[in-house]
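Enquirer: From first to last, the protein sequence lines stand for chains A and B. Going by our numbering, the first residue of the first sequence is number 423, and it counts up by one from there. Going by our numbering, the first residue of the second sequence is number 423, and it counts up by one from there. All C-beta atoms in this analysis are idealised placements derived from N, C-alpha and C, irrespective of residue type, glycine included. Sharing a structure with you now.
There are 2 protein chains.
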Amino acid sequence: MAIDTSVVRNLPLFRKLEPAELTRLMARATARRVPMGEVVFEQGATAHAFFLLLHGRLKVSQVTQEGQQVMVRVVHPGDLFGFARALNRPDYPGTARAAVDSVIVSWPMADWDAVVENNPRLAINAMQTIGERLDEAHTRLREMSTQEVERRVAHAVLRLAEKAGRPEGGGLRIDFPITRQDIAEMTGTTLHTVSRILSAWEGQGLVEGGRQKLMVNDTAALARIADPES
Amino acid sequence: MAIDTSVVRNLPLFRKLEPAELTRLMARATARRVPMGEVVFEQGATAHAFFLLLHGRLKVSQVTQEGQQVMVRVVHPGDLFGFARALNRPDYPGTARAAVDSVIVSWPMADWDAVVENNPRLAINAMQTIGERLDEAHTRLREMSTQEVERRVAHAVLRLAEKAGRPEGGGLRIDFPITRQDIAEMTGTTLHTVSRILSAWEGQGLVEGGRQKLMVNDTAALARIADPES
DNA sequence: GTGTCACTTTGCGTTGCCGCAAAGATAAAG
DNA sequence: CTTTATCTTTGCGGCAACGCAAAGTGACAC
C-alpha cells in the first residue's frame, strides 16, 4: 500500500528531508492495521523490518531469564520503533504488542543501510531520536537509583499523562488500557505496591482508577510528589 | 597538535571510512593530556566539543537535584564521549572526570554536523555506538528492576573486570582506582551495602579488596551469583 | 441472567536494605 | 615520624516494600 507523504512529513525523523527523497522512501513502505493485543514483533526474533507508529499505542517489554517482565517503553504515534539494525543488532531486544487497535508503517530492514547512506540528514535525525531514547533511559536509571517507589510511580504517571493524556472533565485520561501490572513493570516494583499507592492518591483526589483505566485529576500535586524540591 | 591516523584507524567508529576522509577528520582534532582527577566537562555546561578517549579511564556521573551522585558510565580507551550534539542537546548531561592520567582527542562540536553530513558511514557508526549505549542502559534498567543488590553488584564488577581487568596472579585487577562509593553509584545502592557484599565475597576468596582497589579472583563464581540460572 | 476470567484491593507477616554511628585502615602531606 | 584526610568496615535499629493470601469488582461471553 502506498502512503501519502503528508502523513509523515512533519515527524522529527523526516525533517529537512528532500521531498523527492521522502517520496522514494515512502514508496518502499508498507502500512498495516494491528488489532489490539496483536504482537508486531517478538523478543529475540530476527529483525526483518523497522517500524513507525502512525496511530494507536504499543507496549514494548522484555522478559528476563527468570521470566520477569519489564516494560521498556510505550510507543506513541510518530515514534520509530524496532530499529534493531541501526543498533547493529540482528534481533529485536523486546516484544511489541498493540495496546489498542493501531496502524503501523514498516520498511524492510535491508533498506536501512541504503536509506541512511543516501540520506545523511535522515541519519542525523535517527541519531537524535535514539539519543532521546538514551536520555530517557538515563533518566529512568537515575530515578531507579535514587528515588523511592512512590516518586517513581508519580514520574511514570506524569509521563503517561503528558504523552497519552486526553483532556476530560478537568483532568487527563490515559487514552489506552493500562494495568497496575504495567505501571509496576515501568517503575520496577510490584502491582500490589502500585495499587496501594494509586488507592492512596485516589483517596486524596489526585487520580481516579478503574479496571485498566487511569485518570489524572491533579497534575500539580503529582508533580510535587515526583519532585518535592522544585 | 596533529594526530597520526594510525592511532584511531581501527576503532569501530572510524571503520570503513575513506583514508582521505579520516585524515581530514583528524586534522581538525586536538589531543590533550588530562591528569588524574581533572574534569573534562561539567554537567550542564554548553557542549563545545566532543571527545574520544585514547588512553586512561574517565568516570561520567550525574548529580540529582537532591545532590545524589549517580555514575552513568565508565569511559574506556577507544570510547567516544561527550557527543551531546548528536543527541540534540545543547549541554553535557553529566560530568566527566579522569580516574587516572588520560589522553583525549577532541573536535569542535560545530564540526559534528558537517562531518556527519559528509560521512554517512561515520553517521552509521556513530549511531551504532549510541545504540550500544542504549542497550547497556536497558540492561542496567532491567537489572535495577528485577534483581537484588548482590546480583547487581556482581554484574557491575564483572563488567569492570571485562572492560578494565589486567591479568594478575590468576585473577583480574581493575586497573584504575575505584571506590565502594563508585560501585554503589553504579548499582543504585549505598557504599555500606557494597562494602558488606565485597567483604563477604572476600571471605569466600572471590575477590580481594583494598583502598580504591579491586581484584577479581573467581570470575566463574561471580558469574554464578550474577546469573544463577545459566 | 449467570458464570467466568482478568484485574484490583487490602491485610498481614517478613525481610532486604538503608541510615546512622563509630571505629579501623591506608595513603599522602607536613 | 606524626598528622590529616579519605576510604573502608562493622554493628544495630528501623522501615519501605515485597510476598503471600484472599476477597472484591468490573467486563465480557454465552
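Using DSSP with H/G/I as helix, E/B as strand and the rest coil, what is Thr517 (chain B)?
Expert: Translated into the one-based positions of the second sequence, residue 517 (chain B) becomes position 95. Reduced to three states, the DSSP call for Thr517 (chain B) is strand.
Enquirer: With 7 Å as the C-beta to C-beta threshold (strictly closer), list the residues of the segment 556–581 of chain B near chain A in chain order.
Expert: Residues Leu556, Asp557, Ala559, His560, Arg562, Leu563, Arg564, Met566, Ser567, Thr568.
Enquirer: Any residues in the segment 475–499 of chain B with a beta carbon nearer than 8 Å to a beta carbon of chain A? Which ones, in chain order?
Expert: Going along the segment 475–499 of chain B in chain order, one finds Gln484, Thr486, Gln487, Glu488, Gln490, Val492, Val494 with a Cβ nearer than 8 Å to chain A.
Enquirer: What does a CB cutoff of less than 7 Å around Met608 (chain A) pick up in its chain, not counting 5 residues either side in sequence?
Expert: Your numbering for residue 608 (chain A) matches position 186 in the first sequence. Correct list, in chain order: Met493, Ala578.
Enquirer: Let me know the secondary structure DSSP gives Ile647 (chain B) once reduced to three states.
Expert: In the second sequence, the residue the question calls residue 647 (chain B) occupies position 225. In the structure shown, Ile647 (chain B) sits in a helix (DSSP, three-state: H, G or I).
Enquirer: Any Cβ of chain A within less than 8 Å of the Cβ of Gln659 (chain B)?
Expert: Only positions 423 to 652 of chain B appear in this structure, which leaves residue 659 (chain B) out of reach.
Enquirer: Starting from the beta carbon of Glu443 (chain A), find every residue of chain B whose beta carbon is closer than 8 Å, and list them in chain order.
Expert: Position 21 of the first sequence, counted from the first residue, corresponds to residue 443 (chain A). Under the 8 Å cutoff, chain B gives no residues; its nearest Cβ is about 13 Å from Glu443 (chain A).
Enquirer: Within 8 Å (strictly less), CB to CB, does Gln550 (chain A) reach chain B?
Expert: Here the question's residue 550 (chain A) lines up with position 128 in the first sequence. Closer than 8 Å to some Cβ of chain B, the Cβ of Gln550 (chain A) qualifies, so yes.
Enquirer: What is the rounded straight-line gap between the Cα of Gly459 (chain A) and the Cα of Ala545 (chain A)?
Expert: The residue you call residue 459 (chain A) lines up with position 37 of the first sequence. The residue you call residue 545 (chain A) lines up with position 123 of the first sequence. Roughly 32 Å separates the two Cα atoms.
Enquirer: Check Phe505 (chain A) in the structure and name its three-state DSSP category.
Expert: Along the first sequence, one-based indexing puts residue 505 (chain A) at 83. In the structure shown, Phe505 (chain A) sits in coil (DSSP, three-state: anything other than H, G, I, E or B).
Enquirer: Determine the closest residue to Ala536 (chain B) out of A:Met531, A:Glu554, A:Arg543, with distance taken between C-alpha atoms.
Expert: By one-based count along the second sequence, residue 536 (chain B) stands at place 114. Ala536 (chain B) has its Cα closest to that of A:Arg543, out of A:Met531, A:Glu554, A:Arg543.
Enquirer: Is it right to say Ala438 (chain B) is buried, meaning 16 or more other beta carbons lie within 10 angstroms of its own, or is it exposed?
Expert: Position 16 of the second sequence, counted from the start, is the residue given in the question as residue 438 (chain B). The sequence as given places Lys at residue 438 (chain B); Ala does not occur at that position. Counting Cβ neighbours within 10 Å, Lys438 (chain B) comes out exposed, since fewer than 16 surround it.
Enquirer: If you measure beta-carbon to beta-carbon, which residues of the segment 500–512 of chain A are closer than 9 Å to chain B?
Expert: Going along the segment 500–512 of chain A in chain order, one finds Phe505, Ala506, Ala508, Leu509, Asn510, Arg511 with a Cβ nearer than 9 Å to chain B.
Enquirer: May I ask you to list the residues that DSSP assigns as paired with Thr452 (chain B)?
Expert: Mapped onto the second sequence, residue 452 (chain B) falls at position 30. Paired residues: B:Ser528.
Enquirer: Using a cut-off of 7 Å between C-beta atoms, extract the partners of Gly610 (chain A) located in chain B.
Expert: Taking the first sequence and counting its residues from 1, the one referred to as residue 610 (chain A) is at position 188. Simply Met566, Ser567.
Enquirer: If you count every other CB in all the chains shown that lies within 10 Å of the CB of Ala642 (chain B), and 16 or more means buried, which is it?
Expert: The residue given as residue 642 (chain B) occupies position 220 in the second sequence. Classification for Ala642 (chain B): exposed.
Enquirer: Quick one: what does DSSP say Lys585 (chain A) is sitting in, helix, strand or coil?
Expert: Looking up residue 585 (chain A) in the first sequence gives position 163. Reduced to three states, the DSSP call for Lys585 (chain A) is helix.
Enquirer: Taking one C-beta from the segment 520–533 of chain A and one from the segment 456–473 of chain A each time, how about it: are there three or more such pairs within less than 8 Å?
Expert: Touching, per the Cβ criterion.
Enquirer: What did DSSP end up calling Gln465 (chain A) once you bin it into helix, strand or coil?
Expert: Looking up residue 465 (chain A) in the first sequence gives position 43. Residue state, collapsed to three classes: coil.
Enquirer: Determine the direct distance from the alpha carbon of Leu502 (chain A) to that of Ile425 (chain A), and round the result to whole angstroms.
Expert: On the first sequence, residue 425 (chain A) is found 3 positions in, with the first residue counted as 1. On the first sequence, residue 502 (chain A) is found 80 positions in, with the first residue counted as 1. For Ile425 (chain A) and Leu502 (chain A), the distance between alpha carbons rounds to 16 Å.
Enquirer: From which residue to which residue does the beta strand (DSSP E) around Val430 (chain B) run?
Expert: Counting from 1 along the second sequence, the entry for residue 430 (chain B) is found at position 8. Where Val430 (chain B) is concerned, there is no enclosing beta strand (DSSP E), given that its DSSP letter is neither H nor E.
Enquirer: With DSSP run on the structure shown, which of helix, strand or coil describes Ile596 (chain B)?
Expert: Taking the first residue of the second sequence as position 1, residue 596 (chain B) is located at position 174. In this structure, Ile596 (chain B) counts as strand in the three-state DSSP scheme.
Enquirer: Let me know if Thr551 (chain A) comes out buried or exposed under the rule of 16 or more other beta-carbons within 10 Å of its beta-carbon.
Expert: For the purposes of this step, residue 551 (chain A) is taken as residue 129 along the first sequence, with counting starting at 1. Label assigned to Thr551 (chain A): buried.
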